[in-house]
Amino acid sequence: MADARDSTPVIDLAGVRKTYRTGSIEFEALRGVDLRIDEGEYVAVMGPSGSGKSTLMNILGCLDTLTAGSYRLAGEDVGELDEIDLADIRNRRIGFVFQQFNLLPSLSALRNVELPLMYGRVHGAERRERAVAALERVGLGDRLDNRPGELSGGQQQRVAVARALVGEPALLLADEPTGNLDTVSSHDVLRLFDELHAQGRTIVLITHEAEVAERAQRVVRVRDGLVVEDTGVPRTAVVA
Ligand SMILES: Nc1ncnc2c1ncn2[C@@H]1O[C@H](COP(=O)(O)OP(=O)(O)OP(=O)(O)O)[C@@H](O)[C@H]1O
Ligand SMILES: [Mg+2]
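Note that the sequence shown covers residues 1 to 240 in the UniProt record's numbering.
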């Protein structure tokens, strides 16, 4: 099919299926998902409980493999990779932000942000410089030495965003990033996502909250393992 957009998409899912097997029982959690997300897009994924959002997120994040179909991440075919290669592509290509922040409590903000670079084998002064820059970018340049327990929830989530971004990933993947935050902190984090989007970052955010999804430029709705609505696809392209 001809396509007017010629740059390599960050995400390209075609006919993706995911079947879970529990004993002799099979459950098809994704039943043929096509999804293309281009560089610089800010996409919210919504859908009822059990619709397949986390399953989709795990596949997008290379945390799980697909049963059928194909997934190209920044041009790389992910479908064929084993666990070790998946871990590698995850480290290089994806920054994660979770509902529970997932920071290490005994380490300073700076050390938390430096961690992904240690796995990536970036050394000494450069590692520190990049972590400081990432924390400055999220407005925490004056909190480098604070441990997570010495920061507010919103600040902790901003540290997590800095950690997600420090490796310059192609994709920022966030699962209910404001789920544990009060209204003010939620706004801080969402404002940060707006800024990152304005700077050209590619963001995919899973949320239950319509208010959060409204900040995104595009909303993908999932139901019963299928994409049932996608505001980024022209109406004529959607099969009824
Ligand atoms: N490991 C698993 N084994 C078997 N079935 C699973 C497994 N994980 C998920 N499922 C099933 O797949 C379907 C989709 O689950 P998923 O976690 O993706 O939903 P969700 O949209 O994230 O829901 P929620 O909003 O409640 O988090 C559900 O019916 C769930 O029971
Ligand atoms: Mg879920």
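Where is the CB? At the ideal position from N, CA and C, for every residue including glycine.
Being a predicted model, the structure only gives us computed values, none of them experimental.
query, result
"Go ahead and pull the three-state DSSP assignment for arginine 127.", "helix"
"Please confirm whether leucine 13 and tyrosine 71 have their CB atoms less than 8 Å apart.", "yes"
"Quick check: the region 81-96 against the region 142-150, are at least 3 beta-carbon pairs closer than 8 Å?", "no"
"Quick check: is any heavy atom of ligand 2 less than 7 Å from the C-beta of lysine 18?", "no"
"Can you check whether the CB of leucine 151 is closer than 8 Å to the CB of alanine 125?", "no"
"So is proline 116 buried or exposed if we call it buried at 16+ other beta carbons inside 10 Å?", "buried"
"May I have a chain-ordered list of the alpha helix (DSSP H) segments no shorter than 4 residues that lie completely inside the region 124-168?", "124-137, 153-165"
"Tell me whether threonine 55, by its Cβ, gets closer than 7 Å to a heavy atom of ligand 1.", "yes"
"Tell me the rounded alpha-carbon separation between methionine 1 and histidine 123.", "Here the model assigns methionine 1 a pLDDT of 48, short of 50, so the residue's position is not dependable, and the following value carries that caveat. One C-alpha to the other measures close to 46 Å."
"Can you tell which of Gln157, Asn102, His187, Ile89 has the C-alpha that lies nearest to the C-alpha of valine 10?", "Ile89"
"Looking at valine 189 and glutamine 156, is the spacing between their C-beta atoms short of 8 Å?", "no"
"From what residue to what residue does the alpha helix (DSSP H) around valine 212 run?", "210-213"
"Assign aspartate 175 to buried or exposed, taking buried as 16 or more other Cβ atoms, counted over all protein chains shown, within 10 Å of its Cβ.", "buried"
"Please report the residue range of the beta strand (DSSP E) in which arginine 72 lies.", "68-73"
"For asparagine 91, which residues in the same chain have their Cβ closer than 8 Å to its Cβ, ignoring the five residues on either side in sequence?", "Pro116, Tyr119, Gly120, Gly167"
"Please classify threonine 178 as buried or exposed, where buried requires at least 16 neighbouring CB atoms within 10 angstroms.", "buried"
"Identify the residues that DSSP records as bridge partners of lysine 18: which are they?", "Leu30"
"To which residues of the same chain is alanine 68 closer than 6 Å at the C-beta, ignoring the five residues directly before and after it?", "Arg17"
"Straight-line CA distance for glutamate 39 to alanine 74?", "9 Å"
"Please state whether DSSP places glutamate 114 in a helix, a strand or coil.", "helix"
"Along the chain, where does the alpha helix (DSSP H) containing phenylalanine 193 start, and where does it finish?", "183-198"
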